[in-house]
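Data block below; observations after.
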Amino acid sequence: MSRNVGYVPPVMHHPGSSFAVNASMSMADAELKHLNHHLKRKAGLESEEEAMARKHKQEQKERNTTLAYSAIAALTVVTSIGAMFVEASAIAYIAFIIPLFTAPLAVQQRRKLNKLPTLQEEHNLLRLDVVRLMEQNDVLQRHNDEIEQQISKLQHVECELNDIVHQQGRDTESFTKLVKEQKEINAKIKNLLEAELFQDLFECILSSDRNEDFTVSKREFEMLLLRMHNHPGFTFDDATVRAKFAACHSKSVISVMDICRGAILPTTEP
-13 MSRNVGYVPP VMHHPGSSFA VNASMSMADA ELKHLNHHLK RKAGLESEEE AMARKHKQEQ
47 KERNTTLAYS AIAALTVVTS IGAMFVEASA IAYIAFIIPL FTAPLAVQQR RKLNKLPTLQ
107 EEHNLLRLDV VRLMEQNDVL QRHNDEIEQQ ISKLQHVECE LNDIVHQQGR DTESFTKLVK
167 EQKEINAKIK NLLEAELFQD LFECILSSDR NEDFTVSKRE FEMLLLRMHN HPGFTFDDAT
227 VRAKFAACHS KSVISVMDIC RGAILPTTEP
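In terms of the working numbering, the sequence shown has 100 at position 114, counting the first letter as 1, and numbering is strictly consecutive.
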């Protein structure tokens, strides 16, 4: 029987994860550029050179269109003024004074539209966010697999500690030391179990978001509660969760995750 009571679980490390963050080091510019290129390629987005060329072409087209609008508006104003000058009647004034105001307004509205982002740019940003969430979900899944392995190892160590306690009998000093080590192991097991519950909660929320708009509607929230009730590891107060969801202004996936996480993983004092 092994007596290695000082067992320390190996540190979980994911060299293949694009989202591993070290608090003491910042990611190099080359790695950031590579990550951005990888995400865009995975999402089927255009490269930076293609985006710049498309944007330049779009801006040129918008400038030409705006110039055409301006020319037509100027021609309309000149024609209206000429018609009122030639006709010089009340009907002509009433008929041609309206274009004097609407023509400049149309040009102004066109210039405002040119400043708005294009639909293609917004679509690319949404697709990039979807890929990031998929990458994060893959990372969490790999964490979950390693957590299960760590739990098995920690349970084995706990059995070894129990055997050591029985073998050493009533040795108070050794028994106290073993109890302290067992408490530390139990704390690690608790942290790992909480991480596993968080992974399951994350999957429940994403599964409930049926239209994948990253916003949880009332119907999707009811589906989420049903999944949470059917999960054997979730214990929470249904009324409290419903009240917090109703009081929450933002129904985004992140806000709902914070509400549910606070219900099933309450913060406790050490």
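Glycine included, every Cβ here is placed at the ideal spot set by N, Cα and C.
Owing to the predicted nature of the structure, the values given are computational and were not obtained by experimental measurement.
As far as DSSP is concerned, T162 takes part in no beta bridge. Under the three-state reduction of DSSP output, T221 falls in the coil class, being neither helix nor strand.
In the three-state reduction of the DSSP assignment, S238 falls in the strand class, which pools E and B. Following the DSSP letters along the chain, one finds F200 in no alpha helix (DSSP H), marked with neither H nor E.
When only Cα atoms are considered, F200 and M214 end up about 18 angstroms apart.
Taken in chain order, the segment 167 to 198 contains no complete beta strand (DSSP E) segment of 3 residues or longer. For the 9 angstroms CB-CB criterion, L211 and R196 do not form a contact. The C-alpha of V239 is placed about 23 angstroms away from the C-alpha of E107. Distance check between K230 and each of H109, F207, L91 and K43 places F207 closest, using alpha-carbon atoms only. Remark: C-beta atoms of L140 and K174 approach each other more closely than 9 angstroms. Of the other Cβ atoms in all chains shown, fewer than 16 fall within 10 Å of the Cβ of C145; this residue is therefore exposed. Counting only runs of 3+ residues, no beta strand (DSSP E) is found wholly inside the segment 37 to 61. The residue from L187, N172, I191 and L147 with its alpha-carbon nearest to that of F161 is L147.
In this structure, the straight-line span from the alpha carbon of F71 to that of Y55 is close to 24 angstroms. DSSP, read as helix, strand or coil, puts A74 in coil. Setting aside the 5 residues that flank it on each side, F188 is surrounded in the same chain by N123, L126 and M243, each with a C-beta closer than 8 angstroms to its C-beta; the list follows chain order.
Rounded to the nearest whole angstrom, the CA to CA distance from A74 to Q46 is 41 angstroms.
From the listed residues L183, E170, R96 and Q94, the smallest Cα separation to I133 is found for L183. A181 is a Cβ neighbour of H129, given a cutoff of 9 angstroms. A Cβ-Cβ contact shorter than 9 angstroms links T221 with I250. Taken atom to atom, the span from the alpha-carbon of I77 to that of T65 is near 15 angstroms. CA-to-CA, the gap between N50 and A92 works out to about 15 angstroms. The beta carbon of K237 sits closer than 6 angstroms to the beta carbons of T201 and V202 from its chain, once the five residues preceding and following it are set aside; these are given in chain order. Separation of C234 and K176 (C-alpha to C-alpha, rounded to the nearest whole angstrom) is 29 angstroms.
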